[in-house]
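>
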Amino acid sequence: MANNNLREIILDILLAIFRDGVYSHTAIHSALDKVQYFSKRDRAFITKVCEGTVERLIELDYIIDKYSTVPVSRMKPVIQNILRSATYQIRYMDSVPDASAVNEAVRLAQARGFYNLKGFVNGVLRSIARGSESMELPDREVDPIRYLSVCYSMPEWLVERWIREFGEFVTVRMLGSFMEERPTTVRLKTTRISKSTILGSLRGQGVTVKRAPYLPYAYNISNYNYLPALNAFMKGWIYPQDVSSMLVAEAADPKQGDTVIDICAAPGGKSLHIADKMSGFGMVEARDISEEKVKLISENAARADLINVHPIVMDALTFDAASEGKADIVICDVPCSGLGVIGRKPDIKYRVTPSKIQELVELQRRILHNAASYVKPGGVLIYSTCTVSREENQENVEWFKANYPFRAESLNPYLPRELWRLTTQEGYLQLMPGIHESDGFFLARLRRDND
Numbered sequence: 048m049a050n051n052n053l054r055e056i057i058l059d060i061l062l063a064i065f066r067d068g069v070y071s072h073t074a075i076h077s078a079l080d081k082v083q084y085f086s087k088r089d090r091a092f093i094t095k096v097c098e099g100t101v102e103r104l105i106e107l108d109y110i111i112d113k114y115s116t117v118p119v120s121r122m123k124p125v126i127q128n129i130l131r132s133a134t135y136q137i138r139y140m141d142s143v144p145d146a147s148a149v150n151e152a153v154r155l156a157q158a159r160g161f162y163n164l165k166g167f168v169n170g171v172l173r174s175i176a177r178g179s180e181s182m183e184l185p186d187r188e189v190d191p192i193r194y195l196s197v198c199y200s201m202p203e204w205l206v207e208r209w210i211r212e213f214g215e216f217v218t219v220r221m222l223g224s225f226m227e228e229r230p231t232t233v234r235l236k237t238t239r240i241s242k243s244t245i246l247g248s249l250r251g252q253g254v255t256v257k258r259a260p261y262l263p264y265a266y267n268i269s270n271y272n273y274l275p276a277l278n279a280f281m282k283g284w285i286y287p288q289d290v291s292s293m294l295v296a297e298a299a300d301p302k303q304g305d306t307v308i309d310i311c312a313a314p315g316g317k318s319l320h321i322a323d324k325m326s327g328f329g330m331v332e333a334r335d336i337s338e339e340k341v342k343l344i345s346e347n348a349a350r351a352d353l354i355n356v357h358p359i360v361m362d363a364l365t366f367d368a369a370s371e372g373k374a375d376i377v378i379c380d381v382p383c384s385g386l387g388v389i390g391r392k393p394d395i396k397y398r399v400t401p402s403k404i405q406e407l408v409e410l411q412r413r414i415l416h417n418a419a420s421y422v423k424p425g426g427v428l429i430y431s432t433c434t435v436s437r438e439e440n441q442e443n444v445e446w447f448k449a450n451y452p453f454r455a456e457s458l459n460p461y462l463p464r465e466l467w468r469l470t471t472q473e474g475y476l477q478l479m480p481g482i483h484e485s486d487g488f489f490l491a492r493l494r495r496d497n498d
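Numbering (our numbering), first residue to last: 48 to 498.
1. Mapping the DSSP letters down to three states, classify Thr238 as helix, strand or coil.
2. Taking the alpha helix (DSSP H) that Glu346 falls in, what are its first and last residues?
3. Select from Asp362, Leu353, Glu346 and Ala348 the residue whose C-alpha is nearest the C-alpha of Arg334.
4. Is it buried or exposed for Trp204, if we count other Cβ within 10 angstroms and need 16 for buried?
5. Residue ranges of each beta strand (DSSP E) run of no fewer than 3 residues wholly in the segment 218-298, ordered along the chain?
6. Is Gly502 helix, strand or coil when you go by DSSP?
7. Looking only at DSSP bridge pairs, what is Met330 linked to?
8. DSSP has Thr470 in a bridge; who is on the other side?
9. Is the beta carbon of Ile93 closer than 8 Å to that of Leu79?
10. Considering only residues of the same chain and omitting the five flanking positions on each side of Ser200, which have a CB-CB separation below 6 Å?
11. Quick one: is Gly160 buried, meaning 16 or more other Cβ sit within 10 Å of its Cβ, or exposed?
12. Report the three-state DSSP secondary structure of Val143 (helix, strand or coil).
13. Between Leu493 and Pro191, what straight-line distance do the alpha-carbon atoms span, to the nearest angstrom?
14. Verify whether the separation of the beta carbon atoms of Val356 and Ser318 is less than 8 Å.
15. Nearest to Ile126 by CA position, among Leu155, Val307 and Thr100, is which residue?
16. Does DSSP put Ile75 in a helix, a strand or coil?
17. So, does the segment 230-248 touch the segment 280-296, judging by three or more C-beta pairs under 8 Å?
18. Got a sec, what are the start and stop residues for the alpha helix (DSSP H) Val197 sits in?
19. Please look up how many angstroms separate the CB atoms of Pro480 and Ser224, rounded, as I've assumed it's under 8 Å.
20. Go through its chain and collect everything with a Cβ distance to Ile354's Cβ below 7 Å, but skip five positions before and after it.
21. Given 8 Å as the limit, is there contact between the segment 336-346 and the segment 380-393, that is, 3 or more CB pairs closer than that?
22. Pick from Ser147, Leu364 and Ser457: whose alpha carbon is nearest that of Arg412?
23. State buried or exposed for Gly166, treating a residue as buried only when at least 16 other CB atoms are found within 10 Å of its CB.
24. Ignoring anything shorter than 4 residues, give me the alpha helix (DSSP H) runs that lie fully in the segment 372-407, in order along the chain.
25. Quick check: the Cα distance between Asn443 and Tyr421, rounded to an integer number of angstroms?
26. Quick one: Cα of Tyr273 to Cα of Asp496, how far?
27. For the alpha helix (DSSP H) that contains Ile321, what are its first and last residues?
28. Whole angstroms are fine: how far does the CA of Ile110 sit from the CA of Val119?
29. For the beta strand (DSSP E) that Glu456 lies in, which residues bound it at each end?
30. For Ala374 and Ile308, which I take to be in contact (beta-carbon distance under 8 Å), what is that distance rounded to the nearest angstrom?
31. What are the start and end residues of the alpha helix (DSSP H) that includes Ile359?
32. Are the beta-carbon atoms of Asn267 and Ala259 separated by less than 8 Å?
33. Return the first residue and the last residue of the alpha helix (DSSP H) that Ala449 is part of.
34. Specify the secondary structure class of Leu353 as computed by DSSP and reduced to three states.
35. With three or more C-beta pairs closer than 8 Å as the rule, is the segment 237-255 touching the segment 210-219?
36. Can you find the residues in the same chain that come closer than 8 Å, C-beta to C-beta, to Met48, ignoring five residues on each side of it along the sequence?
Rendered as structure tokens:
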């Protein structure tokens with residue numbers, strides 16, 4: 048495929064992300080779905096440039112501003128994103144000659160109607176190419192917050208917040224982990240199929256399989272083109288899920304015959320995992336807010352042949368009187384800021400704000416208020432998030448215990464031994480990216496009093 052066509056697609060994806068507010072994974076997948084006839088190499092090139100540009104945005108804008116007479120913030124979106132993607136190629140893609148990155152950017156500016164700016168684009172990018180090896184970051188001794196922000200493309204307010212809460216060592220480890228390439232982790236089905244059969248199927252299709260930490264049915268896989276094309280996926284034997292998320296079902300410890308309500312279930316990984324642990328008995332009611340989300344849960348459950356999963360459209364903010372006191376276990380994996388999964392979803396760091404975190408806390412507490420009523424006396428509520436924000440995690444659980452008849456229980460009887468030392472005195476688990484071998488994740492197990 049001609050380079051100009053590839054870069055046209057890349058530009059359109061970046062405009063969708065930065066101008067129109069589309070999430071990067073959605074914009075990339077949507078664009079690639081339209082060009083399924085492209086070679087694997089071309090599709091990989093588009094993905095790498097787009098993902099890298101999003102991931103390195105703050106650093107790229109810093110570099111461009113060093114060499115441009117016009118700040119990036121004042122440029123037209125088309126020129127902004129032509130320069131960003133070309134700068135990423137110059138700085139991080141040895142397979143692309145600098146001259147090619149520059150020339151294609153100039154051609155693209157002209158093709159998009161900015162003929163009068165092709166000289167500007169050419170000049171800025173050639174200067175960046177000449178100075179790329181000697182590019183100086185902000186002085187770490189003078190302004191460590193600014194240095195870390197540019198070096199790891201993380202907004203300054205988040206860097207400052209994390210250093211204040213976790214210290215510089217943990218913050219730097221966390222920031223570094225977000226920039227690392229992450230494996231795909233899958234959960235192996237544990238009922239009606241042997242582990243050896245599943246692993247044999249994967250290896251038979253050339254997939255590299257490696258044990259993931261903590262859980263015996265968690266594996267990292269690589270060297271495959273398209274996950275849904277794997278036989279093990281099509282047969283429902285594997286499900287893509289981070290090991291931290293798998294800990295929810297471990298903490299829930301469901302028994303055959305239990306009634307479980309997962310009130311924010313999509314895409315269904317936790318519900319499916321719990322249903323699998325129940326060997327098809329009992330019921331897992333997997334709820335979410337829209338038909339589209341519930342359809343996805345239904346498809347995933349059908350593929351795994353889990354007949355005890357019952358997907359249903361229901362808003363977690365709407366109280367369901369019919370469910371009052373009915374559930375042995377309620378899974379409350381609430382919408383959150385997602386600060387623990389920035390490595391997988393880099394858009395998050397540019398979208399979250401302190402005020403949005405506070406809005407999420409209010410939302411989470413409204414969901415918890417309803418969820419508390421669904422738990423039987425003596426039943427269990429599992430609270431989890433994929434963030435590292437204290438307001439959304441520990442502080443929410445403390446608020447919940449103070450206002451509802453629940454007490455926190457130790458997670459240790461339900462977790463792998465190597466995680467016991469990580470649980471807090473209160474019984475909570477906070478996994479940190481870069482420190483632990485997982486996404487950032489919070490987990491608490493709460494028992495309702497016997498009324």
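Where a beta carbon is used, it is the ideal one built from N, C-alpha and C, also for glycine.
This is what the structure gives:
1. coil
2. Glu338 to Arg350
3. Asp362
4. exposed
5. 231-235, 255-258, 265-269 and 285-287
6. This structure cannot settle anything about residue 502, because the visible part of the chain is limited to 48 through 498.
7. Thr306
8. Leu476
9. yes
10. Arg103, Leu104, Ile105 and Glu106
11. exposed
12. coil
13. 40 Å
14. yes
15. Leu155
16. helix
17. yes
18. Pro191 to Tyr199
19. 4 Å
20. Gly327
21. no
22. Leu364
23. exposed
24. 395-398
25. 18 Å
26. 47 Å
27. Gly316 to Lys324
28. 10 Å
29. Phe453 to Glu456
30. 4 Å
31. From DSSP, Ile359 is part of no alpha helix (DSSP H) but of the beta strand (DSSP E) over Val356 to Val360.
32. yes
33. Gln441 to Asn450
34. coil
35. no
36. Residue placement at Met48 cannot be trusted, given a pLDDT of 49 that sits under 50; what the coordinates show is reported in the next sentence. Hits under 8 Å: Phe85, Ser86 and Asp89.
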